């Protein structure tokens with residue numbers, strides 16, 4: 020079962036090996052003292068339809084050309100929740116991803132009851148640090164503006180960008196996504 024965060028484009032190149040940032044002491048020290056954030060935007064969640072079981076489930080993000088881009092594709096199975104951002108990526112294409120039910124309840128407190136989308140507010144917080152030049156150096160950036168981090172849901176990793184954020188949840192957050200969907204916990 021895979022948890023797919025929102026707002027990220029998977030690495031398209033296999034030239035770089037994704038870095039496990041959790042093994043970099045400087046990154047972990049920075050994350051320990053980082054501010055806490057909570058997702059302020061609502062996430063929609065639903066149980067899968069019976070006809071979806073065992074079928075591929077694509078996750079789309081916005082591509083650089085403004086068109087939907089396939090981020091990952093996973094298979095729908097028992098014990099998952101289908102999550103969705105309320106706003107479409109473009110047109111009628113939404114950013115939807117699969118979340119294991121145990122992870123969903125940790126993040127949102129309760130499971131959806133039906134196979135139609137219901138709004139949920141995240142209860143779990145994250146810590147996040149800005150992705151600066153220094154952080155990119157720690158991550159082994161080749162170009163000074165991006166790095167590829169290892170993630171659970173994609174063996175090619177996730178590309179993170181300068182001015183974005185790196186979270187203790189094991190993923191990056193795009194700058195506009197951070198501003199639009201997260202709030203600092205005081």
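Numbering (this note's numbering), first residue to last: 20 to 205. Think of the CB as a built atom: it goes at the ideal place given N, C-alpha and C, for glycine as much as any other residue. All values derive from a computational prediction rather than experimental measurement.
Any non-hydrogen atom of the ligand SAM closer than 7 Å to residue i Cβ
i: residue 194; result: In terms of ligand content, the structure shown is empty, and the ligand SAM therefore cannot be addressed.
Beta-bridge partners of residue i, as assigned by DSSP
i: residue 287; result: Because the chain spans 20 through 205 in this model, residue 287 falls outside it and cannot be assessed.
i: residue 213; result: An answer regarding residue 213 cannot be provided, because it is not within the stretch 20 to 205 covered by the chain.
i: residue 38; result: 168
i: residue 58; result: 201
i: residue 116; result: 102
i: residue 144; result: 57
i: residue 96; result: In the DSSP output, where bridge partners are listed per residue, residue 96 has none listed.
Inter-residue Cα distance where the pair is residue i and residue j
i: residue 77; j: residue 45; result: 35 Å
i: residue 103; j: residue 153; result: 33 Å
i: residue 180; j: residue 193; result: 7 Å
i: residue 171; j: residue 121; result: 16 Å
i: residue 146; j: residue 183; result: 13 Å
i: residue 53; j: residue 41; result: 14 Å
i: residue 37; j: residue 95; result: 26 Å
i: residue 69; j: residue 50; result: 41 Å
i: residue 55; j: residue 204; result: 5 Å
i: residue 198; j: residue 128; result: 24 Å
i: residue 185; j: residue 132; result: 32 Å
i: residue 187; j: residue 177; result: 14 Å
With 16 other Cβ atoms within 10 Å as the buried cut-off, status of residue i
i: residue 17; result: No answer is possible for residue 17: it lies beyond the span of the chain, which begins at 20 and ends at 205.
i: residue 191; result: buried
i: residue 167; result: buried
i: residue 48; result: exposed
i: residue 156; result: exposed
i: residue 151; result: exposed
i: residue 97; result: exposed
i: residue 174; result: exposed
i: residue 89; result: exposed
Rounded distance between the beta-carbons of residue j and residue i, thought under 8 Å
i: residue 66; j: residue 93; result: Actually they are not in contact, since the Cβ atoms of residue 66 and residue 93 sit about 16 Å apart, beyond 8 Å.
i: residue 109; j: residue 86; result: 7 Å
i: residue 59; j: residue 200; result: 6 Å
i: residue 112; j: residue 64; result: Residue 112 to residue 64, Cβ: 18 Å. No contact.
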